[in-house]
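Notes for the one structure printed next.
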């Protein structure tokens, strides 16, 4: 019985191998024909001709002067400069110190004009704010100098020195929940 099964499986394998060989032989001929057709089509294809409309000289100069990857090009002039404040010389009373942060081991201060939400100034030590030179940036304040005068702008309002007393005093017999 085992001998018959082995003979049957061997015959089946030979039949399947013969089917694969015939299939490969039949597929090989159309592949060669399709490759020759592709090569023949490439020789016949011509590139389309491109016709460009002539543009005015003003648009060309604007394109050349616009800031695009090359140093020395002039930027397009906009009304606003990315949300930065136009500085008034000598007036720092309306500037608020929003924050102090470090960038590449260098302290920077972030200023804002009172009443304007999205306009701000990013300045570091040695730069000027409204004509005042930033002499020193501390953890909670910035020291500004103008003509020998120094002014400190605090990051936060200082804490009050007096402690407010509560309006009523607690009762002595009040028990706390624990």
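In our numbering, the protein residues as written are 13 to 190.
Yeah, the Cβ is synthetic: ideal placement off N, Cα and C, and Gly gets one too.
Problem - Cβ shell of residue 163 (< 6 angstroms), same chain only, five flanking positions each side left out - result: If we look at residue 163 and ignore the five residues flanking it on each side, its Cβ neighbours are 156.
Problem - Residue range of the unbroken beta strand (DSSP E) whose run includes residue 111 - result: Per DSSP, the unbroken beta strand (DSSP E) holding residue 111 starts and ends at 107 to 114.
Practice task
Figure out for me which residue from 140, 119, 106 and 112 has the closest Cα to the Cα of residue 125.
Solution key: 106
Problem - residue 92 - DSSP class collapsed to helix/strand/coil - result: Any reading at residue 92 needs caution, since the residue's pLDDT is 44, under 50, leaving its predicted position unreliable; the model's value is listed next. Residue 92: coil per DSSP, three-state reduction.
Problem - Spatial distance of residue 179 from residue 140 (CA atoms) - result: 47 angstroms
Exercise for the section: State the DSSP-derived secondary structure class of residue 99, mapped to helix, strand or coil. Expected result: Note that residue 99 scores 47 on pLDDT, short of 50, meaning its location in the model is unreliable; the coordinates nonetheless yield the value given after this. Note: residue 99 maps to coil in three-state DSSP.
Practice task
Measure the CB-CB distance between residue 146 and residue 112 and report whether it falls below 9 angstroms.
Solution key: no
Handout entry: Inter-residue CB distance, residue 118 and residue 136 (contact presumed, cutoff 8 angstroms)
Key = 6 angstroms
Practice task
Using three-state DSSP, classify residue 126 as helix, strand or coil.
Solution key: Residue 126: coil per DSSP, three-state reduction.
Practice task
Identify every residue that forms a DSSP beta bridge with residue 153.
Solution key: 166
Handout entry: Bridge-paired residues (DSSP) for residue 146
Key = Beta-bridge partners of residue 146 (DSSP): 156.
Problem - Closest by C-alpha distance to residue 138, when choosing among 120, 66, 131 and 153 - result: 120
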